[in-house]
Amino acid sequence: MCRADEHPEPREAGAGASTDAAFTALLEDSAEELYESAPCGYLSTLMDGTIAKINATLLDWLGLERETVVGRKRFADLLTVGGRLYHETHFAPLLQMQGEISGIALEMKTCGSDRLPVLVSSAVKHSSDGEPLLIRTTVFDASDRRAYEQELLHRKQDADEARRQAEEAREQAEADRSRLQEALAVLQQSLLPASLPAVPGVETAVYYHTASPDRLGGDFYDLFPLDGKRWAFFLGDVCGKGPQAAAVTSLTRYTLRTAALHDPDPVAALTTLNSVLHDRYTGGDPRYCTAIFGVLEPDPANDCVTVRLASGGHPPALVARSDGTAALLPTPGGFLVGALAHAHFASTTTELHPGDTLLLYTDGLTEARTGPDRTSLYGDDALLAFVTDHAGAPPEEMIQALAGLLRGLGDGVDDDTALLALGSPAHTSAHSPATSHLR
Amino acid sequence: MSPLKIAARDAATGPVLHILGDLDYTTAHQLRAHLTALTLRRGQRLVLDLARLDFCDSSGITVLIAAHNQATAAHATLVLAAVPDNTLRILRIVGLDQLFPLYADTTAATST
Chain P
2 MCRADEHPEP REAGAGASTD AAFTALLEDS AEELYESAPC GYLSTLMDGT
52 IAKINATLLD WLGLERETVV GRKRFADLLT VGGRLYHETH FAPLLQMQGE
102 ISGIALEMKT CGSDRLPVLV SSAVKHSSDG EPLLIRTTVF DASDRRAYEQ
152 ELLHRKQDAD EARRQAEEAR EQAEADRSRL QEALAVLQQS LLPASLPAVP
202 GVETAVYYHT ASPDRLGGDF YDLFPLDGKR WAFFLGDVCG KGPQAAAVTS
252 LTRYTLRTAA LHDPDPVAAL TTLNSVLHDR YTGGDPRYCT AIFGVLEPDP
302 ANDCVTVRLA SGGHPPALVA RSDGTAALLP TPGGFLVGAL AHAHFASTTT
352 ELHPGDTLLL YTDGLTEART GPDRTSLYGD DALLAFVTDH AGAPPEEMIQ
402 ALAGLLRGLG DGVDDDTALL ALGSPAHTSA HSPATSHLR
Chain Z
18 MSPLKIAARD AATGPVLHIL GDLDYTTAHQ LRAHLTALTL RRGQRLVLDL
68 ARLDFCDSSG ITVLIAAHNQ ATAAHATLVL AAVPDNTLRI LRIVGLDQLF
118 PLYADTTAAT ST
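Chains P and Z are the protein sequences, given in the same order.
Just so it is clear: in the first sequence, position 219 is 220 by our numbering, and no numbers are missing.
Just so it is clear: in the second sequence, position 15 is 32 by our numbering, and no numbers are missing.
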């Protein structure tokens, strides 16, 4: 805290004073000149706001003449409507309370009905006995600052707008995606029966595993009545995935249903399907499927169900017997359906006795990748062993077990998988009505 | 899973394609594109050497059938050489072992 003015060094005092005077003379003609031409506005008002003194800078900014202002206008009269309101509600009360106020952003009117953004500071001058005498006010041109603020605001608005548009686009994309998913789900459901019809003397169960919800699967199955005594069923796999495969699946399903009503012989039904697919898809983009088509004929008198089936290039069906054995139902030489103009289909016949279950499946299960590096396939032998292990189980239980197996294989199952089990119910005694099969 | 690689050369009998890796839904289009660009002349034999084919799914089978159709249209023949057991099993299931002439290896497939 050097109070140099109170204890000046005598030797230097004279020299310092003369230097200061020289500088003052050089830079400012007078204090009056400094007041009038300062780079900010000055004004003094009475306590009621009447302007008592105003400098040339501020008059120049506002485009006013001194005689129209001094004693005639109040400070608030120089402000825009908004500025006046703010002055009235905030500025003046604060100033009265605190005795000073600084850096308040207001807008002043200029002659061209433009607005001049300003920063205003005011201080009340008091008399020696503490009475408020007048208000001294400085006004700084805040145009550049306001422009900068406006620019910031615009940038922020632009950014907000861009963000809003991006959000809108994202929502739209999400809506589109969910609509597509919905359409895919509806289409997928049209490829499969919603439920299987009840067949007297036959238990049925199905399971469909979708490998990817985005890709329509090409696996299909169905079960429907032919006449009062016989039911037809089929299960198959269309090559490929996606909309094209789904179109083939749809064509396949309805062709087989129609063909079966004309001629329920399994080989005839597959032959019709072969012609339809081959005619429809020829050349460089062959479309085909593998399928097993069969006819069930329950024989209540002999307590058995006769099954005649034919296969076109499909993995062989399995039969699990009530005695705990299981075997493939081979149909060797059956050709892919739709790949060639003339295809051969092999047929076979079996009987299901109480407790026997016929299992049809697609290769999503047997081709599932297993092992730590996902390079081995689950395979036919493993499936036969698994089914043997569950031989005697009714269809629902068999399917549940296989569904559990599929879940256990996890993402090793990279293709859709359809499972269809048809069984002759085991005899139930009066003492154990639910099932004779205990496991 | 391994990517698909195709190595092509010409034998006296016609083009020979060595197929390496996985031929499945994600890679089948590569072989299809390769075959589409191939010109077969009447009487030629198109050999697909599958010795190093790791995996073939239904999409792969589709390309084989397309190749067969292409060869037939050009009055040429598609033959398969060194078919791995897992693929041979699939070919048997779908009856294609009756359609494609199968050879133990490319040497046998390209001997006139």
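Glycine residues also receive a C-beta, built at the ideal position from the N, C-alpha and C atoms.
Bear in mind that the values here come from a model prediction, so they are computed numbers and not experimental data.
Contact under 8 Å by Cβ, residue i with residue j
| i | j | result |
| --- | --- | --- |
| L210/P | V388/P | Note on residue identity: the sequence assigns His, not Leu, to residue 210/P. No. Outside cutoff. |
| A318/P | L366/P | no |
| L193/P | A247/P | no |
| T349/P | L361/P | no |
| G38/Z | L63/Z | no |
| A392/P | Y208/P | no |
| E368/P | D71/Z | no |
| L339/P | A347/P | According to the sequence provided, residue 339/P is Gly. The question's Leu does not apply to it. Against a cut-off of 8 Å, the Cβ pair of A347/P and G339/P comes out as no contact. |
| H315/P | I293/P | yes |
| L67/Z | A99/Z | yes |
| N56/P | E37/P | yes |
| T253/P | C305/P | no |
| D142/P | L117/P | yes |
| R69/Z | H46/Z | no |
| S45/P | I136/P | yes |
| A77/P | R85/P | yes |
| A402/P | A394/P | yes |
| T79/Z | P198/P | no |
Reference residue i; option with closest CA among the options
| i | options | result |
| --- | --- | --- |
| D228/P | L297/P, G202/P and P287/P | L297/P |
| T273/P | T283/P, R258/P and D286/P | R258/P |
| V140/P | C305/P, G241/P and A124/P | A124/P |
| D357/P | G339/P, P331/P and D324/P | D324/P |
| R281/P | G237/P, L341/P, D374/P and T69/P | L341/P |
| L120/P | A321/P, S103/P, K126/P and L262/P | S103/P |
| D390/P | T363/P, V320/P and A427/P | V320/P |
| Q87/Z | A126/Z, T124/Z, P101/Z and R49/Z | R49/Z |
| P244/P | G42/P, H263/P, G219/P and P226/P | G219/P |
| V200/P | M109/P, W232/P and A402/P | W232/P |
| K230/P | Y255/P, T250/P, V203/P and T90/P | V203/P |
| T256/P | Y149/P, V277/P, K242/P and T58/P | V277/P |
| V111/Z | D238/P, R322/P and A270/P | D238/P |
| T89/Z | T104/Z, T56/Z and T129/Z | T56/Z |
Per-residue contacts from residue i into chain P (C-beta, under 7 Å)
| i | result |
| --- | --- |
| A44/Z | A small fix is needed here, since residue 44/Z is Thr in this sequence, not Ala. Result: empty, since nearest Cβ-Cβ is about 13 Å, beyond 7 Å. |
Buried versus exposed call for residue i [16 or more other C-beta atoms within 10 Å across all chains shown]
| i | result |
| --- | --- |
| S425/P | buried |
| L134/P | exposed |
| Y42/Z | buried |
| N303/P | exposed |
| L21/Z | buried |
| A121/Z | exposed |
| P11/P | For P11/P, the predicted structure reports a pLDDT of 48, less than 50, and the residue's modelled location is therefore unreliable. A value from the coordinates is still provided. P11/P comes out exposed. |
| Q61/Z | buried |
| M399/P | buried |
| P396/P | buried |
| L421/P | buried |
| R171/P | exposed |
| G411/P | exposed |
| C112/P | exposed |
| A24/Z | exposed |
| S430/P | Legend: pLDDT at S430/P = 43, less than 50; position of this residue unreliable, value from coordinates given subsequently. So S430/P ends up on the exposed side. |
| M109/P | buried |
| T127/Z | buried |
| Y379/P | buried |
| S114/P | exposed |
| R59/Z | exposed |
| Y222/P | buried |
Interface residues of chain Z facing residue i [CB-CB closer than 8 Å]
| i | result |
| --- | --- |
| L337/P | I78, I82, V111, G112 and L113 |
| G334/P | G112 and Q115 |
| L378/P | N103 |
| P373/P | Neighbours of P373/P on chain Z: none; closest Cβ ~14 Å, over 8 Å. |
| E172/P | Correct list: empty, because the minimum Cβ distance to chain Z is about 31 Å. |
| P287/P | T79, I82, A83 and N86 |
| E368/P | D74 |
Neighbour list for residue i in chain Z, Cβ cutoff strictly below 9 Å
| i | result |
| --- | --- |
| T291/P | S75, I110 and V111 |
| G405/P | Within chain Z, no residue comes near G405/P; the closest Cβ sits about 24 Å away, beyond 9 Å. |
| P331/P | Chain Z residues near P331/P: none, gap ~10 Å exceeds 9 Å. |
Proximal chain C residues relative to residue i, where beta-carbon distance stays under 7 Å
| i | result |
| --- | --- |
| P316/P | This model lacks chain C altogether; the protein chains it does include are P and Z. |
Amino acids of chain Z, ordered along the chain, whose beta-carbon sits closer than 7 Å to that of residue i
| i | result |
| --- | --- |
| L271/P | Per Cβ cutoff of 7 Å: no residues; L271/P is ~12 Å from chain Z at best. |
| A340/P | I82 |
Contact test: residue i Cβ vs the ligand GTP heavy atom, cutoff 7 Å
| i | result |
| --- | --- |
| F76/P | No copy of the ligand GTP appears in this structure; indeed no ligand is present at all. |
**OP:** Taking only beta carbons into account, state which residues of the stretch 72-86 of chain Z come closer than 8 Å to chain P, listed in chain order.
**Re:** D74, S75, S76, I78, T79, I82, A83 and N86
**OP:** Compile a chain-ordered list of the residues in the stretch 224-253 of chain P whose CB is closer than 8 Å to at least one CB of chain Z.
**Re:** D238, C240, G241 and K242
**OP:** Pull out every residue of the stretch 177-202 of chain P whose Cβ sits closer than 8 Å to any Cβ of chain Z, in chain order.
**Re:** none
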